[in-house]
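Below you'll find the structure, written out as structure tokens, and then a few comments.
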Amino acid sequence: MRSNVLARTLVGVTAVVGLSVGSLATAGTSFAASQPAAKPAVNAPTIGIPIPPNNFGLSTERAKNWQCRLRDNGYDPGPINGILGSESWRAAQTMFNDLGLRAGPVNGDPATNTLVPLQRYLNLFGYGLTVDGDAGLRFQAAFSDLNSTGC
């Protein structure tokens with residue numbers, strides 16, 4: 008009889024623990040499921056976000072020379088102001104594509120799709136750069152040297 012009482016006690020405790028754990032697990036999932044999906048606080052547009060200017064180490068005067076080079080080759084870099092913004096980089100990307108330097112999409116973003124063809128362009132003038140999309144010091148020195156004269 009004693010083992011019968013012990014068995015019933017053990018079964019009762021196991022049942023209580025099982026129900027408690029099951030209730031907690033269910034409560035956790037039902038609580039999580041009842042929450043509405045999170046929504047972003049602000050809807051940012053996917054296009055039309057301004058890209059900050061990037062002169063890749065050029066002084067204002069040498070950036071103006073680059074803009075003049077683009078203009079003089081028939082591309083519209085926007086105002087000749089020494090700030091290489093989206094307009095200047097769109098003009099450069101268009102020129103690179105026209106020269107077969109494979110800039111890809113013309114989007115005005117001075118990222119890898121602009122740096123790689125710009126390195127190829129600089130190499131047309133004998134700079135011997137590694138074409139890797141890295142805007143390091145050697146690239147900056149070559150870009151600056153190319154634009155030492157202009158406007």
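Numbering of the sequence shown is given in my numbering, commencing with residue 8 and proceeding in unit increments. From the three backbone atoms N, C-alpha and C, an ideal C-beta is built for every residue, glycine too.
Notebook entry, point to check: Under the rule that 16 or more other beta-carbon atoms within 10 Å means buried, what is residue 135, buried or exposed?
Noted result: In the sequence shown, counting from the first residue as 1, residue 135 sits at position 128. It counts as exposed.
Margin query: What would DSSP say about residue 139, mapped onto helix, strand or coil?
Written below: Taking the first residue of the sequence shown as position 1, residue 139 is located at position 132. It is coil, neither helix nor strand.
Checklist line | The alpha helix (DSSP H) enclosing residue 95, as first and last residue numbers | finding: Working through the sequence shown from its first residue, we reach residue 95 at position 88. Where residue 95 is concerned, the enclosing alpha helix (DSSP H) stretches over 93-105.
Next item on the list: Output yes or no for whether 9 Å exceeds the beta carbon distance between residue 154 and residue 104.
Entry: As a working mapping, residue 154 is identified with position 147 in the sequence shown. As a working mapping, residue 104 is identified with position 97 in the sequence shown. Not closer than 9 Å, so no.
Next item on the list: Please report how far the alpha carbon of residue 62 lies from the alpha carbon of residue 118, in whole angstroms.
Entry: To locate residue 62, count along the sequence shown from 1; it is residue 55. To locate residue 118, count along the sequence shown from 1; it is residue 111. Their backbone Cα atoms lie some 12 Å apart in a straight line.
Next item on the list: Return the CA-CA distance between residue 156 and residue 56, expressed in angstroms with no decimal places.
Entry: On the sequence shown, residue 156 is found 149 positions in, with the first residue counted as 1. On the sequence shown, residue 56 is found 49 positions in, with the first residue counted as 1. A straight-line Cα-Cα distance of about 33 Å links residue 156 and residue 56.
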